[in-house]
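2 protein chains.
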Amino acid sequence: MTATTVHEPTHREALWELEDAFERGDLITIFGRCTVEYDGRAASSLGLGRRLLLLKPDGTALVHTDEKQKPVNWQPPGSEHHAAVRDGRLRVRSVRTSPDETLDVHFETVEQLSAMAVSGRRDLSVTGSEADLRNALLDRPAVIESGFEPLATERPTDAGPIDLFGRDTDGRPVVVELKRRRVGPSAASQLQRYVAAIEREDGDDAAVRGILVAPSVTDRARRLLAEHGLEFVAVEPPSSTGDAGGSTTLDTELSQTDAVDDSAHDPAGDATGDDDGEPARTLSADEESH
Amino acid sequence: MTATTVHEPTHREALWELEDAFERGDLITIFGRCTVEYDGRAASSLGLGRRLLLLKPDGTALVHTDEKQKPVNWQPPGSEHHAAVRDGRLRVRSVRTSPDETLDVHFETVEQLSAMAVSGRRDLSVTGSEADLRNALLDRPAVIESGFEPLATERPTDAGPIDLFGRDTDGRPVVVELKRRRVGPSAASQLQRYVAAIEREDGDDAAVRGILVAPSVTDRARRLLAEHGLEFVAVEPPSSTGDAGGSTTLDTELSQTDAVDDSAHDPAGDATGDDDGEPARTLSADEESH
DNA sequence: CGTGCCAGGTGCCTT
DNA sequence: AAGGCACTTGGCACG
Chain A
225 MTATTVHEPT HREALWELED AFERGDLITI FGRCTVEYDG RAASSLGLGR RLLLLKPDGT
285 ALVHTDEKQK PVNWQPPGSE HHAAVRDGRL RVRSVRTSPD ETLDVHFETV EQLSAMAVSG
345 RRDLSVTGSE ADLRNALLDR PAVIESGFEP LATERPTDAG PIDLFGRDTD GRPVVVELKR
405 RRVGPSAASQ LQRYVAAIER EDGDDAAVRG ILVAPSVTDR ARRLLAEHGL EFVAVEPPSS
465 TGDAGGSTTL DTELSQTDAV DDSAHDPAGD ATGDDDGEPA RTLSADEESH
Chain B
225 MTATTVHEPT HREALWELED AFERGDLITI FGRCTVEYDG RAASSLGLGR RLLLLKPDGT
285 ALVHTDEKQK PVNWQPPGSE HHAAVRDGRL RVRSVRTSPD ETLDVHFETV EQLSAMAVSG
345 RRDLSVTGSE ADLRNALLDR PAVIESGFEP LATERPTDAG PIDLFGRDTD GRPVVVELKR
405 RRVGPSAASQ LQRYVAAIER EDGDDAAVRG ILVAPSVTDR ARRLLAEHGL EFVAVEPPSS
465 TGDAGGSTTL DTELSQTDAV DDSAHDPAGD ATGDDDGEPA RTLSADEESH
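Sequences listed follow chains A and B, in order. Per our numbering, the first sequence starts with residue 225, numbered consecutively. Per our numbering, the second sequence starts with residue 225, numbered consecutively.
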C-alpha cells in the first residue's frame, strides 16, 4: 500500500504516524480543526477552523481552506517540519532560515492523517510563454515590421536584458519588448528604460526606436508610449484562441525541424503592402487616438 | 464523521464517491497515478505519475507533486468540476470560461479518495504589509524627512494612485513611493511616472520631489533614481521578529536619508530626525480587532 | 548567493 | 468587467 491513512487518531498516534511519514519522505495531508500562526517576513494569525495541512518532503507546508487557489498560510520549500505534542495536542511547526520564518499549526482535533509515497515525472512543458512568442517572431520578423532584422535576443544592457534587438530597413536600432498579455504602464516604462540604455551605450546619433509587441495595451500605457515616442505592434501570442481585430496571430506549428517555407502562406487578407502607413499592424502611438 | 475516505476504489466507486462529495460541497483529495493535461492561456501536458489532486467546492483544482509550493497544474476558483469514467478509468475535468481553460486529470489507478467537510474562520489578518508601513509612516512622518507633512494617501493621478503625497518644509510637493521589500528598477520607474504626473497636473513651478522608501535598493535602481533626481530613504518594514505574542510590534527603524543625486535638497545631518529625541516608539498599525 | 524578470501569476480594490 | 498594483508573490536563469 502506498497510501496509509488514520482516522481520528489520538494526538500521540498522529505524532507517531507523522514521524514515520517524515522518515519515509512521504507526502502528508492532515485534516482537522486547528489554529495557524505565521511569523516571519510578515505575521498572521488564524483562528480555529477545519483546514487541510499539506506537508511535502521537500519542506513545503501548505494550509488550505475550502476557498481560493492560494493556501491561506504556507511555508516555502527548504523549510523543516517538526511535529510534537504539547498540552496533549498535536503541533506541526515548519521553520526556515534567511529569512527566519515559522509556521505553527496547532490541532485541536485530528480528523484524518494520510501519508502517500509520491513519485512520477515532474517534467512539465508549458507552451505559450514569452520565449515561444520570441521564437515565433524570430521565424517571422516581418510581423513586427516589414524588413525588420533581428540581431540579438536577451541583449544585456544597463537597464537589463532586452527581449529582442534588431535594425529596421533604415538601419536604425530597434528595441523590441515582448509581452504575451495585455500590458499596462510598467511595460511601457520598461521599454523606455531599454531604449534609453541603448542610446547611452551605443551613443549613436541614429535615434533608437522602441517597439512594444503585445496583444493589446491599456489606455495609460498607450499614452505613456506616445509621450516617449515609442511604438506598439499588436500581436496575439502563439496558440491562442480567438482573433482580436487588427492583430496578427502567430502559429508555432513550425516546431518540426523541417522548415516548411510557408512564407507565402499569409492568412490575412490585407495586403502585405506598401510601406506607406499601414495601420493594421503597426501603429504609431502618437497617431492612434482611440 | 466529517471525513470519508475510500482506499483503492474501483474507478466507478471513485466516481460515485466523487459525485456525492460534489453534492455535499466537500473538499476532496484524490491520490493516484494519473496524467494531467491543461489547455487554455497556455498549454501543458504531464505524463503518468503519482500525484495529489485537490478539488475545492469553490471550483479550485490543484495538482500537487512532492515538490514545490505551487501546484504543477491548477484551475482557478469558479471553474466547474466534472467526473466521468472513460474507457474504464476515472477522469476529472475542470473547466472554466473567459478565458476558456480546461484541466484534465486521467487516473490510471485511484489509490485514495477523501472527502472532507471544511468550515471555519477564514479571517486572516496579516501585518507587515505595505499598508502597515504607510500607517507607521503617517504616525512618524519625520522618518521620511524631518518636517515632512503628509497630505494624502493613495492620491489618484493619471499614472495611478500615489502611495503617499505631502510637502516638505519648503512647501515643495513630495511624492513618496513605498515598498516593503528591496526594490529594483521598476519601482524607480513607477516613482518617476508619479512625479511626472504630479508635475503635469499641478503645473506648479515648484519642482516635485520623489522619494522612494524601501528597505534597500538594487544598484540599477539606485542609478535610475539618480538619473531622474529622485531620492531614497532606507526604512525597514515593520516586522514582528522576536515576539510571538498577540500584539504585533512595528519598530520602524530610522535610517539615514540617502540622497542619490548631488543636487540633494537636504544633505547630511538633520534628516536623521533626532530632533524629536524619542526612543524608538512602537507603532501599532492594527487595532486589536479580535 | 544576489539581481532581474516572467508567470497560465493570484488576489484586492477602484473605476 | 477592466485597470492598476501589492504579494510572506513563486520560480527560473544568469553573473
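Every residue gets a Cβ at the ideal spot worked out from N, C-alpha and C, and that includes glycine. Fair warning: this is a prediction, and the values are worked out from it, not measured in the lab.
Under the three-state reduction of DSSP, Leu242 (chain A) is assigned to helix. Distance between Phe456 (chain A) and Glu335 (chain B), taken at the CA atoms: about 52 angstroms. If you ignore the 5 residues before and after Glu332 (chain A), its C-beta comes within less than 8 angstroms of the C-beta of Gly256, Arg257, Cys258, Thr259, Leu272, Arg313, all in its own chain and listed in chain order.
In the DSSP assignment, Glu291 (chain B) falls outside any beta strand (DSSP E) and carries neither an H nor an E.
Distances from the alpha-carbon of Arg315 (chain A) to those of A:Ala307, A:Thr321, A:Ser322 put A:Ala307 closest. Secondary structure at Glu423 (chain B): helix, using DSSP grouped into helix, strand and coil. Put simply, the backbone Cα of His452 (chain B) is about 7 angstroms away from that of Gln416 (chain B).
Note that the stretch 367 to 375 of chain B touches the stretch 387 to 394 of chain B; at least 3 beta-carbon pairs, one per stretch, sit closer than 8 angstroms. The C-beta of Asp282 (chain B) comes closer than 8 angstroms to at least one C-beta of chain A. For His452 (chain A), the nearest beta carbon of chain B is not closer than 8 angstroms to its own beta carbon. For Glu232 (chain B), there is no enclosing alpha helix (DSSP H), as DSSP gives it neither H nor E.
Three or more pairs of CB atoms, one per stretch, sit closer than 8 angstroms, so the stretch 277 to 287 of chain A contacts the stretch 275 to 291 of chain B. When CB distances to chain B are screened at a threshold of 7 angstroms, the residues of the stretch 390 to 413 of chain A falling below it are Pro409, Ser410, Ser413, in chain order. Contacts between Gly352 (chain A) and chain B, judged by CB atoms closer than 8 angstroms, involve Arg265, Ala266, Ala267 in chain order. Chain order gives the chain A residues near Ser343 (chain B) as Gly273, Arg274, where near means a beta carbon separation below 7 angstroms. From the beta-carbon of Thr253 (chain B), the residues of chain A found nearer than 7 angstroms are Thr253. Selection A:Leu239, A:Ala383, A:Pro461 evaluated against Asp443 (chain B) yields A:Ala383 as nearest (Cα-Cα).
Contact note: Leu436 (chain B) does not reach chain A at a C-beta cutoff of 9 angstroms; the least C-beta distance is about 14 angstroms. The contact set of Pro385 (chain B) on chain A, defined by CB atoms closer than 9 angstroms, is empty, because the minimum CB distance reaches about 12 angstroms. Around the beta carbon of Lys294 (chain B), a 10 Å sphere encloses fewer than 16 other beta carbons of the protein chains shown; the residue is thus reported as exposed. Take Thr229 (chain B), set aside five residues on each side of it, and the residues of its chain with a beta-carbon closer than 6 angstroms to its own are Ser338, in chain order.
Between Pro301 (chain A) and the set A:Thr326, A:Val309, A:Lys292, the nearest pair of CA atoms involves A:Thr326. The alpha carbon of Ala450 (chain B) has as its nearest neighbour, out of B:Pro461, B:Ile435, B:Glu354, B:Glu460, the alpha carbon of B:Ile435. Put simply, the backbone Cα of Arg364 (chain B) is about 15 angstroms away from that of Ala376 (chain B). Rounded to whole angstroms, the gap between the alpha carbons of Val319 (chain A) and Ser440 (chain A) is 43 angstroms. With contacts defined by Cβ atoms closer than 8 angstroms, Leu270 (chain B) and Leu402 (chain A) do not form a contacting pair. Taking each of A:Ala266, A:Gly264, A:Arg265, A:Trp298 in turn and checking the Cα distance to Arg275 (chain A), the smallest one comes out for A:Trp298. Selection B:Asp250, B:Thr253, B:Asp328 evaluated against Gly264 (chain B) yields B:Asp328 as nearest (Cα-Cα).
Bounds of the beta strand (DSSP E) holding Leu278 (chain A) are 267 to 279.
Restricting attention to A:Glu304, A:Val407, A:Ala245, the CA atom closest to the CA of Val437 (chain A) is found in A:Val407. Identification of residues in the stretch 286 to 315 of chain B having a C-beta nearer than 9 angstroms to some C-beta of chain A yields Leu286, His288, Thr289, Asp290, Glu291, Lys292, Gln293, Pro295, Val296, Asn297, Trp298, Gln299, Pro300, Pro301, given in sequence order. Listed in chain order, the non-local C-beta contacts of Leu242 (chain A) below 6 angstroms within the same chain comprise Ala307, local neighbours out to five positions each way being set aside. Rounded to the nearest whole angstrom, the C-alpha separation of Trp240 (chain A) and Ser268 (chain A) is 29 angstroms. Of all alpha-carbon atoms in B:Arg433, B:Pro397, B:Glu373, B:Gly395, the one lying nearest the alpha-carbon of Ala412 (chain B) is that of B:Arg433.
Think of a sphere of 8 angstroms around the beta carbon of Arg417 (chain B): the chain A residues whose beta carbon falls inside it are Pro409, Ser413, Leu448, in chain order. Per DSSP, the continuous beta strand (DSSP E) segment holding Glu373 (chain A) begins and ends at 373 to 379.
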